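To keep things clear, I will list the structure first and then write my remarks on it.
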Amino acid sequence: MPTKGHMHVFSTLFRRHRGLRSTRTLFSALLLALPAITLCAVDERIQNPQDATAIRTVPDIPDPSGSPAINHAGETVERYRFVVDLDQDGDNDLLLSGGPETFGTGGGYFWCFLNDDGTYRHIGSIDGHPKAVALEPLYKRTRIWVYLHGSATSGVVGYYEIKDGAISEPRFIEINPEPLPGNLSNQIYTSIFQPPYLLTAEMSTTRENGVTWGPLPF
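Below, the structure is given as structure tokens:
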């Protein structure tokens with residue numbers, strides 16, 4: 016469980032960027048457009064990996080990034096995704112965001128889906144930024160590292176852990192990654208968010224004939 020200090024940092028970030036948290040309801044509406052998903056059945060608590068049996072998930076579905084996303088106004092929106100093996104089983108899994116309205120200054124909401132021979136199981140979610148997500152494979156578990164921007168010179172860095180098909184609560188610390196000589200916060204940031212750990216995000220393009228994915232335009 017996160018300490019009181021971790022929760023203070025996390026709550027401070029969300030107070031600065033309320034849009035990051037308040038858009039979760041809108042994001043749920045986006046995913047309601049996907050076939051066979053009933054998000055009202057999702058337990059939004061982020062579970063402890065050791066309590067995998069307690070997780071309530073949506074039914075297994077085809078690749079959810081292959082269908083258009085619809086916002087609350089009935090318009091199609093573009094999303095971000097990471098296609099990467101999250102649980103070290105040899106299959107590419109999925110981190111899938113909502114549309115632009117689900118993002119604040121610090122980042123946005125990504126749903127986590129594990130791939131089992133072409134069907135995807137929702138296990139929870141992370142908060143992240145499309146240009147600041149890294150993956151650290153460990154023995155029998157994987158850490159998803161994220162950086163959430165707080166101000167011009169500060170933010171929080173931390174990780175979610177995937178183990179036994181479940182995702183943990185986040186563990187965060189506040190850092191000040193300024194490009195100054197001897198800045199330890201900057202060294203923490205650069206040691207995590209660089210190859211081979213840094214993940215490459217894709218952005219969707221939605222047309223009448225379907226959804227395609229390509230490099231970020233920024």
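Per the numbering used here, residue 16 is the first one in the sequence shown, and the count goes up by one each step.
Even for Gly, the Cβ is constructed at its ideal location relative to N, Cα and C.
Just so you know, these numbers come straight off a predicted model, no measurement behind them.
Rounded straight-line distance, which links the Cα of residue j to that of residue i
i: Arg158; j: Pro210; result: 15 Å
i: Gly199; j: Thr134; result: Here the sequence assigns Leu to residue 199, which means Gly is not the residue at that position. Looking at the two C-alpha atoms, the distance is approximately 42 Å.
i: Glu217; j: Leu195; result: 31 Å
i: Leu129; j: Thr205; result: 28 Å
i: Ser37; j: Arg136; result: Note that Ser37 has pLDDT 43, beneath the 50 cutoff, so the model's placement of it is unreliable and the number below is only indicative. Computed Cα separation, rounded: 24 Å.
i: Ile70; j: Ala181; result: For Ile70, the predicted structure reports a pLDDT of 37, less than 50, and the residue's modelled location is therefore unreliable. The matter cannot be settled from this model.
i: Cys127; j: Val99; result: 11 Å
i: His164; j: Ile138; result: 25 Å
i: Pro232; j: Leu153; result: 32 Å
i: Pro192; j: Tyr175; result: 20 Å
i: Asp106; j: Asp132; result: 7 Å
i: Ala88; j: Ser112; result: 18 Å
i: Glu151; j: Ser169; result: 23 Å
i: Asn224; j: Ser80; result: 14 Å
i: Gly229; j: Ala147; result: 17 Å
i: Gly114; j: Thr120; result: 14 Å
i: Tyr162; j: Asp108; result: 21 Å
i: Arg96; j: Gly197; result: 34 Å
i: Asp78; j: Pro145; result: 19 Å
i: Leu110; j: Ile76; result: 14 Å
Whether residue i touches residue j by CB criterion (7 Å)
i: Gly143; j: Gly173; result: no
i: Leu101; j: Ile190; result: no
i: Ile141; j: Phe125; result: yes
i: Ile207; j: Trp160; result: yes
i: Ser219; j: Arg94; result: yes
i: Thr221; j: Pro83; result: yes
Bounding residues of the alpha helix (DSSP H) (the contiguous stretch that carries residue i)
i: Thr205; result: Leu199 to Ile207
Close beta carbons around residue i, own chain, < 7 Å, minus the five adjacent residues each side
i: Lys155; result: Lys178
i: Gln103; result: Pro152 and Thr157
Close beta carbons around residue i, own chain, < 6 Å, minus the five adjacent residues each side
i: Leu213; result: Ala149
i: Pro185; result: Gly173 and Tyr175
i: Ala167; result: none
i: Thr227; result: Thr220
Boundaries (first-last residue) of the beta strand (DSSP E) holding residue i
i: Tyr154; result: That residue, Tyr154, is in no beta strand (DSSP E); it is neither H nor E in DSSP.
i: Pro230; result: Gly225 to Pro230
i: Lys146; result: No beta strand (DSSP E) holds Lys146; DSSP gives it neither H nor E.
i: Ser95; result: What sits at residue 95 in the sequence shown is Tyr, not Ser. Segment Tyr95 to Val99, the beta strand (DSSP E) holding Tyr95.
i: Ser219; result: Glu217 to Arg222
i: Gly114; result: Per DSSP, Gly114 belongs to no beta strand (DSSP E) and is neither H nor E.
7 Å Cβ cutoff, residue i in contact with chain D
i: Pro192; result: Among the chains of the structure shown, chain D does not appear; only one protein chain is present.
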